[in-house]
Structures are given as structure tokens and as C-alpha cells.
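First the structure, in the form of C-alpha cells, and then the observations on it.
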């Protein structure tokens, strides 16, 4: 069993290294003042320090349910299971479906793939195209697996967003074979133009929808959730309970308090979107200027920019040179099941300053 | 797969019910003022909100290591893995040893048994005696399993504490067969007379020692840890990372800040010991007065009082009557692998007031 490449890099690089690896949100955007106020409000209540229920505190589940309902996806607190980050949501589902087959996008999220391996799920990769997963390939695979893991909004790593048509087609295929969709949505709120409707909203009984506050508020609270049919939530709760009894109650109370002011949260989300859009545009421009041979699309949301060199360049081999020059990214092969080296790269653009972006891209250029 | 009996009860009972079930610490003893101060000190630092490393923040691991070293068990931060409660420590180990055999005490901790089942470990139960596990039975079982899960200090559920002799014998057997001991120590600090040396201290390479702040500070932070050989910690980290990337960084920073003042923490621990001792004594006295036919030993630490009716009484069947009268406990059969009804009961004495203790015991008496 190998450790996550990204986390190994994160833990080994020094402070001087410019990191386009990882998925670190920009800490300058953390709403520290507002979280401080929320913390102060709950800090003296003994109940926030005691054990709580495994599915998560009512107040927080209600807030999350409310947001879904508002967006046209009717949801109550009984449809929500609070998890220790959406990483744990994935782990719980992988444990629930252990030893089964699962259809995934290629490229796909590294962390999910590691979890699937650890729980002995057999992954079947289907090509991800510019407007979402290849539909013929998806149906062929899903017919057997009846289980899929997709990231339809600003996918990690590819930044791909599914078209309206593909969302519709996927929901029909899932229904046709009475299978299950795991829809991972950590970046859905980080749109630069518009928010797309969740595929799960068309499949309320046949879906697990995964959300997280790690990218929209702060990662260190480690609070994410699963939205699913009430019966499914009850089944997952047994696994959740075994893993850690419940996620930190203290931070759940802080979050529930913070989320009471919906307008404030909306304003905060908009500030992230604005900041990330400027960064994404700048990153894309600098790439076009400095490394025009790196083909990519300008991201429409999320935290990543993905692309490929026109010519064959082993980006996995290149990383060693780059590390010496003190710049780092994640090579594309990490996001494929077989990990065969390719010419692709995933860049995170949210964590670096404009100066670091320009300098980092120039350093990579000097390694080519 | 069934849910934990205890957590099901905890979630179903109403506010009026007197609960001797669960393992809730007394929330009146939470050092809220000092935790508030620690929180205020870290609250404005952006780094406490960002992702952190999977094994836990250095500052907290150093504090924990220091305590071990002080007690004669040389430990560095590299021997420590921070977990989301010691429940998760157990889960990580169960995943690490999945499909293996494991020697456990009978009765044993319900939560651990559920985790072992979930990860397909084959449990072999050995009788727990007044001074620790039966040694002949332990050697016979351990010879095959080479893996044991024991709770030597104020065991849950039995309150048993291992004698010096049995600790020595067990460490010799573990060494003889070059096996591994998982030593679960959530209650070790809650002694009424003296603290015993950990068995793991005699087996630094062949042990996993599990600790938690849930019983000594507050449960809702969900912070526990595993102490082990550095190589073992590295292996476990891969699983930890898959499960939730890392435990809440925010609360780790609060804890590390709080623990800086060692004298204050010691004083706090002493206040818990004093309070729980009085409660344990009172609970035992009331039992002797009201239900003299319930045989038990006065606890010497921890959170539970365990015993058995002289005559054959099905304490599992009795619970239904008790629930109607609004009092609840955990029937002894829950702590056995086969769950065959018996005459034993586990009482938690830390969470109830003196009035509730007297009233609750009288209510149980009325159900007999």
C-alpha cells in the first residue's frame, strides 16, 4: 500500500518551494473574524463539549438540508450524515460497497482511488471528455458495476464540468439499471459563471451526494457530509459510528452558528469565487505566455487547471527536476488507474500569489 | 450489521430517563474556562484553519510524547499518531489487521468488538478474572493469534485492573511469541489510588498503546492517539490518511495550547478523580443498600461499576421494564462475543447526580 503522492509531497517540501500541488484553499480568504464570533457564541455551553449523536448535530444537518431544498433538491436533516471531511464520506461509502465494482472517470480524484483500492473495489475507468464522461463508455461499464463515482462540477483533477445533456443522460442510465451514483461535489459552490443542478437531484433514491466545508470555509474543521435517502443514511451510520463515533461536535456547533447568517455565507462564497477566478485567469494567461506548448482550457470554477503538453513529455519524470528548482505540481499519471506516465499536469492555482504563479511557471519552463 | 446497542439507547431515550448506560463523562467537570482561554489564544492564527499533516500537529504529538517519557516510557512525537478519538485508533488497527485472529478479554469493550466484526477479525475471548485476564487461557489463545486487545486499567465494562504480576506475565508471553499487544488506555488517568505502569512500556516494539482526551478533557473534540514504534506509525498513517486525511486541526491546536500548562492539567485530572471516586463509592453503597443481591466490587478508577445478580436474572430482558420506568443500564451480555443473556450489568456512575443514582437504583429494584 502506498501513501498518497500529493500528501507525501506536501509533507516533504520546504517553505521556499512554490507548490501548485495539493488542493489548499487560499488561507487569506478564511472568514476568521466571523468564525471567531461564532466560536465565542458557543464556547461557554457545556453541551458543545459532550459526546453527541453519530449522524451529526441536528442544527448543522438542518442548515445543510435547507440549502439543498432551496436549490430545488428537497432534503431534510434525516437525509444528511455529517462526516469528518468528505474524505471520510468517501471512505464510509467505499467500506459500504467493499469488494464491488465501481465505474470512475479517468482521470479521477487520487484520494478516492486510494480509498477504493484500500477497500478492494474494482475500478473501471471511463474516459472523461470536455463536457463530462463518455456516455457510451459509461453505460457499458455501469451496466455491470451498477455503481459510479463522478465529480461533475469542476472535476479534480481535470476542472471539467458536465453539460446539462450529459447530466440528464447519466441520470437516465443510473435509473435504467437501478444502480447508484456517488456524486462528489466539493467544488460546486466555487463556480465563476453559474451553478449547475446536481445529477443527484434527479435521482433522490439512487444517489449519494457528497459535500464539504473544506473548500468553502476552512479545511481544518474536517466537516463534510453525505446526502442520501433516509434508509441509506441509516445503513451508513453504522459504519460512521464504528470509525469515529461522531465527527468533532465542537466544530459542528461553530459551523451551525456561523451558517445561521445565510447572507454572510453567500457573500463569503462570492469573495472566494471572485478571488479564484482572477487567479485562474492569471494562471492560464501566464501558462500561455511562458509555456504555450502546454494545452489547457481556462477553468470555469474549482481549484485546478489541467492540461497536457503538445509533445510527449513525461511529467512524472519531470517532477524531480522541478523539485530541485523548488516548484512542484502533480503529474497527470497519478490520476489514472494504471499510473502510466503521460504528458498531463494538474496545477492548483488557489494557494499561490501572483508572483509565485509567474515565478513557478518560469521555473517549470526552465526544466523542460 | 447491527448498530451499537449503547448508542441506540443513547439516541432513543428521553431527557427524563436516568441513564447509567453510555460512558458519558460528567460535563460539570469540563475545564471550560481554561479551554476557552486556549481557544482564544489560537483563534486568530490562519494556520489553525488550514489542512495539516496526517499524523497530527507536531505541538500536540510532542506534548503527548512528553507525558509518556515522564512516566518512564521513552517516546518521541514520531511514535504518536493523532486519531479522531480512540475509537478511530481502534478502527485503524482493525483495518490494519483485517481478517486476522485476535485474543480479547470477555467481557470486553462493545465498540471494539463491533469494529473487529466490521473488519472481519476473528475474536477469541478469554475469561477476565479479578486481577486481569486468565493467563493460561491468554497464552493458549495468543500462541495462535499473536495479536491481543486488552484494557488493563479500569476495564470497560468490568472495572478490572490488572495486577503487577499479570502485566509482567502478559508482556513475557507477547515477547515469547513475537506477537503484538493493543493496549487500550482511555481510563488510565482516572485512578482513585495509583497509576499502574503500562504493559506496552515493557514492549515498545510489540505494542500499540491507545490514549484519548475524551475521558480526561472533553469528548467532543474527538482527539485520541496511538503510541507505537515509528515504523508501525508510518504504516498506520496510510490508513489514517485514507479515512479522513487528518483529525480536526483546529481542536488539535486548542489542545496543544491547553496542555502547555502541565500543572493545570494535573490539577484538572485530580479534580475528576476526586469527583468520580465519591460517585463510585456512593453508587456502590446505594447498590448494597437497595439491591444487596447485586454482587460487585467497588471500582478503583475509571467510569464503570460492574457486577452480577446472585440469582439468575436475565438483565437483557429486564432492560425493557427499566426503560418503561425511565432508567437504563447496559446488560452484561452485550460485552460477550455470543451475547447470550446473563445476570451481569454495567453501570456508568460518572454522568448522574447523587439524586439520580439513588432514584435510578430504586427504579431498577422495582423492576426485579
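Residue numbers (my numbering), protein chains in the order written: chain E, 2 to 369; chain C, 2 to 369. Built from N, CA and C at the ideal position, the CB exists for glycine as well.
Spatially closest choice to residue i from the options, by CA coordinates
| i | options | result |
| --- | --- | --- |
| residue 299 of chain C | C:291, C:314 and C:279 | C:279 |
| residue 259 of chain C | C:214, C:180 and C:193 | C:214 |
| residue 62 of chain C | C:75, C:79 and C:71 | C:79 |
| residue 139 of chain E | E:289, E:327 and E:177 | E:177 |
| residue 202 of chain C | C:186, C:124, C:195 and C:262 | C:186 |
| residue 270 of chain E | E:330, E:192 and E:329 | E:192 |
| residue 127 of chain C | C:32, C:103 and C:117 | C:103 |
| residue 9 of chain E | E:111, E:261, E:232 and E:60 | E:111 |
| residue 329 of chain E | E:338, E:318, E:339 and E:337 | E:318 |
| residue 267 of chain C | C:150, C:344, C:217 and C:87 | C:217 |
| residue 122 of chain C | C:148, C:141 and C:144 | C:148 |
| residue 225 of chain E | E:294, E:257, E:197 and E:200 | E:257 |
| residue 296 of chain C | C:60, C:96, C:309 and C:285 | C:309 |
| residue 204 of chain C | C:52, C:351, C:75 and C:131 | C:75 |
| residue 347 of chain E | E:288, E:326, E:232 and E:247 | E:288 |
| residue 195 of chain C | C:54, C:343, C:162 and C:27 | C:162 |
| residue 99 of chain C | C:290, C:237, C:30 and C:156 | C:237 |
| residue 167 of chain E | E:305, E:200 and E:181 | E:200 |
| residue 221 of chain C | E:211, E:244 and E:249 | E:249 |
| residue 28 of chain E | E:324, E:276, E:290 and E:359 | E:276 |
Listed by chain order, chain C residues near residue i by CB distance under 9 Å
| i | result |
| --- | --- |
| residue 350 of chain E | Those do not exist, as residue 350 of chain E stays about 16 Å from chain C at its closest Cβ, beyond 9 Å. |
is_contact[residue i, chain E] using C-beta, thresh 9 Å
| i | result |
| --- | --- |
| residue 31 of chain C | yes |
| residue 28 of chain C | yes |
| residue 112 of chain C | yes |
Neighbour list for residue i in chain C, Cβ cutoff strictly below 8 Å
| i | result |
| --- | --- |
| residue 88 of chain E | 243, 244, 245 and 246 |
| residue 25 of chain E | 51 and 52 |
Chain C residues whose Cβ lies nearer than 7 Å to that of residue i
| i | result |
| --- | --- |
| residue 115 of chain E | 243 |
Whole-angstrom distance between residue j and residue i, CA atom to CA atom
| i | j | result |
| --- | --- | --- |
| residue 24 of chain E | residue 50 of chain C | 14 Å |
| residue 48 of chain E | residue 172 of chain E | 42 Å |
| residue 189 of chain C | residue 230 of chain E | 42 Å |
| residue 35 of chain E | residue 43 of chain C | 15 Å |
| residue 83 of chain E | residue 56 of chain E | 6 Å |
| residue 174 of chain E | residue 333 of chain E | 29 Å |
| residue 292 of chain E | residue 283 of chain E | 13 Å |
| residue 135 of chain E | residue 179 of chain E | 20 Å |
| residue 274 of chain C | residue 58 of chain C | 29 Å |
| residue 109 of chain C | residue 15 of chain C | 27 Å |
| residue 368 of chain C | residue 73 of chain E | 51 Å |
| residue 133 of chain E | residue 281 of chain E | 20 Å |
| residue 67 of chain E | residue 119 of chain E | 34 Å |
| residue 312 of chain E | residue 107 of chain E | 20 Å |
| residue 322 of chain E | residue 286 of chain E | 24 Å |
| residue 366 of chain E | residue 326 of chain E | 11 Å |
| residue 355 of chain E | residue 158 of chain E | 21 Å |
Closer than 9 Å to chain C by CB, residue i
| i | result |
| --- | --- |
| residue 277 of chain E | no |
Beta carbon proximity, residue i to chain A, threshold 9 Å
| i | result |
| --- | --- |
| residue 45 of chain C | The question asks about chain A, but that chain is absent: this structure's protein chains are E and C. |
Near the ligand HEM: residue i beta-carbon under 8 Å from a heavy atom
| i | result |
| --- | --- |
| residue 30 of chain E | Summarising the ligand content, the structure contains no ligands, and the ligand HEM is consequently not present. |
Point to revise | chain C contacts from the stretch 239-261 of chain E (Cβ-Cβ distance under 9 Å) | key: 239, 240, 242, 243, 244, 245, 246, 247, 248, 249, 250, 251, 252, 253, 254 and 255
Review point. The stretch 33-52 of chain E: which residues have C-beta closer than 8 Å to a C-beta of chain C, in chain order?
Key: 33, 36, 37, 40, 44, 45, 47, 48, 49, 50, 51 and 52
Practice item. Report the residues of the stretch 80-110 of chain C with a CB closer than 7 Å to any CB of chain E, ordered along the chain. Key: 85, 86, 88, 89 and 92
Exercise for review: Could you name the residues of the stretch 206-230 of chain E whose beta carbon sits closer than 7 Å to any beta carbon of chain C, in the order they occur along the chain?
Suggested key: 219, 220, 221, 222 and 223
Review point. Given a limit of 9 Å on CB to CB distance, which residues of the stretch 156-169 of chain C reach chain E?
Key: none
Point to revise | Short-range partners of chain C found in the stretch 119-151 of chain E, where Cβ spacing is below 9 Å | key: 119 and 120
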